[in-house]
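Numbering (the UniProt record's numbering), first residue to last: 1 to 799.
Even for Gly, the Cβ is constructed at its ideal location relative to N, Cα and C.
Just so we're clear, the structure is a prediction, and the values are computed from it rather than from any experiment.
Please read the structure below before turning to the comments.
This is the structure we're talking about:
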């Protein structure tokens, strides 16, 4: 079957209903320039040139049709064929037969083509491979300023200047070598008029696929390129605010640019006049913005035209753009003023930026002149580009006005800051100053350059740095104003106090700070604090002396009273052993009171002056605490108070001074006994946490309020400071206890609740003296312990 098709003198193409090629006979293969393999199973789109509707019509036929089909050869030549399309079967499958033949008689002649090419506003030509012109259209002849007949047979070197024709020759060679069409940009400067062209050149191939002719077509893009370039320059300038601000003659520059563009319009359109009318939406007026050619004569009385709301709406909705005879655009006279009687054609086009109406572009032709081509799309496109220039110019003017306002505001602010009493500045998150006011130099002595080069940590006192960091970062810095009082270094190496207020500005990522010199206020505050401390100390001293006087006077009065009673009984011969023992006991107890008071005062003075030393040795602390606790049991029996000792460990040797430990325990037990009622309970507990020995002395007595717990370890501090107390005491015992414990490297704390009792807890570190080989098992005589108890419990009268 294929052999039969190859014998036919017609072009045969067989495709299925989807357009897939099933067969292409040798005659069509030769015409297309493809191989059978290249076309097999490819689609009909490959050979029918850019005719979607034709392909659709072929694939959907219901009966035989005749049709003209343009086929596309491998060399990109378009070949028209007159075809019959029929549906039949091929190899058991329903297919479409497309049977074509050459069109013997053209549908058009060469004159039709030349008329078409002469009417377009592009330059077109045909050359042979040697560069000789075989055809040029009217537009190219006008550019060369020669008749079409005189150009045929000439070469590029006969028409154009040397630099340009050499480029034309080179691009022709590129087309011949590549055998493909290409797009170039060419220049032409005939008679000094420099023009830029966009050129397309393509080869025409012969049957042997060799280049036979070169066809070319180009269009003038001088104006388009100029506008685009100026738009880019204008855009770049708009993005550089400093350039906009510094360009004083921007308005003049824009007008010069538009003058140049509009002048090119006149030449390009061969018009007599052109005018741009700008629109001010605030004042609702049209105003002559720019005129080229004889536009001042064409629009004689147009300078500023007021429009109403209705006319404004009509302008916005105006769609009748284009160049028309003057009698067809009478309504436009409302906006263009009186039109010169010699005007034959008038064109108006909207100048819009996006949806914003900026004005009108008016073009006019006088009698004897008329538009040669319809260039509405080109003019509308140019109006859009002109709109960008006008809009940019307006934005520039607005920016200048706003910048002038900003400049005035900044000058006023600078004046305010320079005369303000406070220090003001801007600090980055990295700790460097960005801006400072002159007050910094006046207050701190550093110059502005020195301050801007220094990190803030170099100015802030090292003892205040932690306060600064904690204050800034303790909360979300973007939410709050911060107040910090700190010392700042002056250039003369002295420090002054400044009260700073700071606020974090998130969008700029820096702090605004203001500061006030409060050094004098701080000095006054310090003097006031010193005076208050001195007064407080004097008050304490007075209270101490009053208290100590009472403490000395009371036992002395009792001693003297007992002696007087004893002497009186002797004189009256009324003395008995019982009375003698009673007086002797009273004298002894109050003597112990005086001894205790003197010992405490002496010991505290020695501690204060640094002459009080511990006699450390390795001792069984459990034994010491237990012996002291048990030694006071007999002293509280008449009060029906029970004392319980409990320990979690049986033995622990630590470095301590046994006498001072006894002093500590007796003082704490004495306090517990004083403030525990009859039938009360005192417990002494001892345990270890492997680092410390922890001793607790707890009672269920009167207890103390929470607000008094901070002062009980202070010198002369008492919960009840009145001279008449439940029990006597100087108020220095617990202070001495604390000092002795701390000298051992330990600590003491108290827990108390009114009506429920108190608990004193002290810790002693588990340490040993390395060079003390003898570990002391603490033991004291019964008599010594009794004497110590008598002294320590001497102010408990009912013993």
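As assigned by DSSP and simplified to three states, the class of residue i
i: residue 353; result: strand
i: residue 504; result: strand
i: residue 425; result: strand
i: residue 622; result: helix
i: residue 510; result: strand
i: residue 726; result: Any answer about residue 726 is weak, because its pLDDT of 43 lies below 50 and its placement is not dependable; what the coordinates show is given next. Coil at residue 726, not helix or strand.
i: residue 248; result: For residue 248, the predicted structure reports a pLDDT of 47, less than 50, and the residue's modelled location is therefore unreliable. A value from the coordinates is still provided. Coil, per DSSP.
i: residue 568; result: helix
i: residue 242; result: With a pLDDT of 48 at residue 242, under the threshold of 50, the modelled position of this residue cannot be trusted, and the question is left open.
i: residue 561; result: helix
i: residue 170; result: helix
i: residue 33; result: coil
i: residue 490; result: coil
i: residue 801; result: The first residue shown for the chain is 1 and the last is 799, placing residue 801 beyond what the model contains.
i: residue 614; result: coil
i: residue 20; result: strand
i: residue 757; result: strand
i: residue 375; result: coil
i: residue 747; result: strand
i: residue 631; result: helix
i: residue 701; result: coil
i: residue 75; result: coil
Residue from the options with nearest C-alpha to residue i
i: residue 209; options: 100, 488, 187, 180; result: 180
i: residue 652; options: 347, 673, 625, 88; result: 625
i: residue 217; options: 82, 9, 271, 118; result: 118
i: residue 757; options: 745, 748, 704; result: 704
i: residue 50; options: 389, 79, 485, 433; result: 79
i: residue 595; options: 493, 552, 120; result: 552
i: residue 354; options: 390, 371, 324; result: 390
i: residue 149; options: 135, 29, 93, 693; result: 135
i: residue 90; options: 144, 5, 48, 620; result: 5
i: residue 127; options: 156, 139, 147; result: 156
i: residue 369; options: 324, 383, 397, 445; result: 324
i: residue 341; options: 356, 366, 360; result: 366
i: residue 187; options: 505, 199, 522; result: 199
i: residue 137; options: 112, 270, 33; result: 112
i: residue 372; options: 425, 710, 271, 666; result: 271
i: residue 557; options: 587, 220, 361, 94; result: 587
i: residue 387; options: 405, 227, 763, 688; result: 227
i: residue 153; options: 173, 162, 125; result: 125
i: residue 364; options: 40, 275, 37; result: 275
Identified DSSP bridge partners for residue i
i: residue 584; result: None; residue 584 has no bridge partner.
i: residue 202; result: 215
i: residue 438; result: Answer is none; residue 438 lacks a bridge partner.
i: residue 66; result: 84
i: residue 840; result: In the structure as shown, the chain begins at 1 and stops at 799. Residue 840 is therefore absent and cannot be evaluated.
i: residue 646; result: 685
i: residue 196; result: 187
i: residue 181; result: According to DSSP, which records beta bridges pairwise, residue 181 is partnered with nothing at all.
i: residue 347; result: 323, 363
Status (buried if at least 16 other CB within 10 Å, exposed otherwise) for residue i
i: residue 123; result: buried
i: residue 610; result: exposed
i: residue 249; result: For residue 249, the pLDDT reaches just 45, beneath the cut-off of 50, and the residue's location in the model is therefore unreliable, leaving the point undetermined.
i: residue 3; result: exposed
i: residue 576; result: exposed
i: residue 570; result: exposed
i: residue 644; result: exposed
i: residue 203; result: buried
i: residue 723; result: Reliability of the predicted coordinates at residue 723 is poor, the pLDDT of 34 falling under 50, and the value obtained from them is presented with this limitation in mind. The residue in question, residue 723, is exposed, as its Cβ has fewer than 16 Cβ neighbours within 10 Å.
i: residue 620; result: buried
i: residue 508; result: exposed
i: residue 412; result: exposed
i: residue 430; result: exposed
i: residue 449; result: exposed
i: residue 831; result: Because the chain is modelled from 1 through 799, residue 831 falls outside the range shown and cannot be assessed.
(request) Determine, using beta-carbon pairs with one atom in the segment 257 to 266 and one in the segment 346 to 356, whether at least three such pairs fall under 8 angstroms. (result) These segments do not touch.
(message) Does the contact criterion of 3 or more C-beta pairs under 8 angstroms hold for the segment 54 to 64 versus the segment 83 to 94?
(response) The segment 83 to 94 and the segment 54 to 64 touch, with three or more beta-carbon pairs separated by less than 8 angstroms.
(message) Pairs of beta-carbons, one from the segment 7 to 20 and one from the segment 30 to 46, closer than 8 angstroms: are there three or more?
(response) The way I'd put it, the segment 7 to 20 does touch the segment 30 to 46; three or more beta-carbon pairs between them come closer than 8 angstroms.
(message) I'd like to know if the segment 688 to 705 and the segment 749 to 756 are in contact, where contact means that at least 3 CB-CB pairs between them fall below 8 angstroms.
(response) By the Cβ criterion, the segment 688 to 705 is in contact with the segment 749 to 756, since at least three pairs of Cβ atoms, one from each stretch, lie closer than 8 angstroms.
(message) Under 8 angstroms: do the segment 627 to 641 and the segment 670 to 683 share three or more Cβ pairs, one atom per stretch?
(response) With the rule of 3 Cβ pairs closer than 8 angstroms, the segment 627 to 641 counts as touching the segment 670 to 683.
(message) With three or more beta-carbon pairs closer than 8 angstroms as the criterion, would you say the segment 498 to 516 touches the segment 553 to 569?
(response) Contact fails: fewer than three Cβ-Cβ distances are below 8 angstroms.
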